[in-house]
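Chemist:
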Amino acid sequence: MAIRPLVSHLDPLLRTPSQTVDPVSPEVRAAVRDLWETLATQKGVALAAPQIGLSLRL
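Sequential numbering from 1 applies to the sequence shown in UniProt numbering.
#1: Per the DSSP calculation, residue 20 is bridged to which residue(s)?
#2: Within the same chain, show all residues whose beta-carbon is closer than 8 Å to that of residue 7, passing over the 5 residues directly before and after it, in chain order.
#3: Exposed or buried, residue 35, counting other C-beta atoms within 10 Å across all chains shown (16 or more means buried)?
#4: Tell me which same chain residues have a C-beta within less than 8 Å of the C-beta of residue 28, skipping the five on either side of it?
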């Protein structure tokens, strides 16, 4: 688990289509944990994978 930095609003990753993933793979489950842990440190109510640098459709 890790707290990931948020990407800049200018990052091209935010404008590219995200990849469909297998929801039960260990890598995807780890990415979801990172997403939740990162969200817990921010003053927001939602966070998408591309906002933490992951081009994944979670």
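In this text, a Cβ means the ideal position worked out from N, Cα and C, and glycines have one as well.
Modeler: In brief:
#1: Residue pairing of residue 20 in beta bridges, as defined by DSSP: 57.
#2: Around residue 7: 13, 14, 50, 51, 52, 53.
#3: Counting Cβ neighbours within 10 Å, residue 35 comes out buried, since at least 16 surround it.
#4: These residues qualify, in order along the chain: 21, 22, 56, 58.
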